[in-house]
Amino acid sequence: MPETTPYRRVLVKLSGEALAAPDGYWLHPPMLAGLAEDIAATVARGVQIAVVVGGGNLIRGARISQAGWIDRATGDSLGMMATVMNSLAIETALNAAGVQARTMSAVSMPTICETYARQPALHHLDKGQVVVLAGGTGNPYFTTDTAAVLRAAELRCDAVLKATQVDGVYSADPKRDLDAVRYDRITHDEAIARDLKVMDTAAFALARESRLTIVVGSVHAPSSINAILTGASVSTRVVP
Ligand SMILES: Nc1ncnc2c1ncn2[C@@H]1O[C@H](COP(=O)(O)OP(=O)(O)O)[C@@H](O)[C@H]1O
Ligand SMILES: O=c1ccn([C@@H]2O[C@H](COP(=O)(O)OP(=O)(O)O)[C@@H](O)[C@H]2O)c(=O)[nH]1
């Protein structure tokens with residue numbers, strides 16, 4: 041594996057589903073430990089890491105509100121709280137892997153974790169601590185993909201790494217279209233114009249405005265975060 045990465049500070053976006061066990065239980069400790077060791081190895085190479093994790097292994101507001109018994113904004117509040125649960129699990133696994141981590145939530149929960157603020161977050165990152173950003177944007181009707189791009193822009197990250205189920209951005213959803221082809225590189229404009237669904241349009245649009253690179257790669261390969269950032273694993277770079 042190449043030893044270097046062009047990135048100095050990266051925001052890693054993990055989906056909630058990446059933490060789930062094969063039997064559907066919300067957490068799979070071996071998966072958590074593997075991700076934590078992967079992030080710890082990346083930090084050991086001098087890369088500053090912020091993490092945004094989703095809540096899709098527990099609750100997605102849009103989905104539960106479809107049933108009619110709960111409104112969308114309340115469902116989204118539950119979803120944001122789910123991201124706090126996942127964040128505390130990641131923080132715990134990172135600390136066990138020997139890297140100092142702290143959760144900062146956009147939804148204020150002062151007895152549980154720090155509340156997100158930009159300057160303290162930058163300070164933690166500069167000290168080499170991993171900052172786990174919980175609670176999404178703190179607002180309903182958004183996703184953690186958008187939260188990831190927002191935080192990456194304000195924390196001056198060099199890139200967002202979306203570690204997901206597929207190894208890049210394809211011409212169509214590769215799970216549905218076997219003829220879909222993977223791009224090595226694509227622009228934000230092209231991703232939006234072709235309506236490529238690997239991230240929501242709000243996230244791509246904010247990345248375009250902030251001129252922020254998004255790297256999409258698979259979370260399933262061993263040491264996937266390190267491998268994607270060093271170029272040892274395939275990925276797609278979404279660039280200005
Ligand atoms: N053009 C595309 N390229 C790659 N993946 C796509 C594309 N269109 C849809 N997808 C789907 O998007 C999924 C990733 O988005 P999402 O489910 O929101 O990720 P996550 O849960 O990791 O945040 C992939 O698993 C893939 O099936
Ligand atoms: O800024 C945000 C981020 C997330 N959410 C809620 O939290 C859920 C979990 O996040 P997401 O769906 O992005 O998780 P992932 O698919 O990445 O696991 C979302 O469905 C929303 O209900 C929200 O309301 N605002």
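Number 280 marks the last residue of the sequence shown (the working numbering); no jumps.
Cβ atoms here follow ideal geometry from the backbone N, Cα and C, with glycine treated the same way.
Apart from the 5 residues on each side of it in sequence, residue 214 sits with its Cβ closer than 8 Å to the Cβ of 206, 220, 222 in its chain, given in chain order. The alpha carbon of residue 105 has as its nearest neighbour, out of 98, 97, 171, 116, the alpha carbon of 116. Apart from the 5 residues on each side of it in sequence, residue 250 sits with its Cβ closer than 6 Å to the Cβ of 193 in its chain, given in chain order.
Contact check for residue 175 against residue 211 fails: the beta carbons are separated by 9 Å or more. Each of 96, 197, 190, 128 was checked against the Cα of residue 46, and the nearest Cα belongs to 197. Residue 83 carries a helical assignment under DSSP once its states are collapsed to helix, strand and coil. Looking at the DSSP output, residue 145 bridges to 155, 174.
Under the three-state reduction of DSSP, residue 216 is assigned to coil, being neither helix nor strand. Taking non-hydrogen atoms of ligand 1 into account, the C-beta of residue 116 is found less than 8 Å away from none of them.
At least one heavy atom of ligand 1 falls within 8 Å of the beta-carbon of residue 184. Residue environment for residue 260: exposed (fewer than 16 other C-beta atoms within 10 angstroms of its C-beta).
In this structure, DSSP gives residue 205 a state outside helix and strand, which the three-state scheme calls coil. A check of alpha carbon separations from residue 262 across 183, 49, 70 identifies 70 as the nearest. For residue 236, the shortest separation between its Cβ and any heavy atom of ligand 1 lies below 8 Å. Of all C-beta pairs linking the stretch 82-96 to the stretch 161-171, three or more are shorter than 8 Å, placing the two stretches in contact. Judged by DSSP in its simplified three-state form, residue 96 adopts coil rather than helix or strand.
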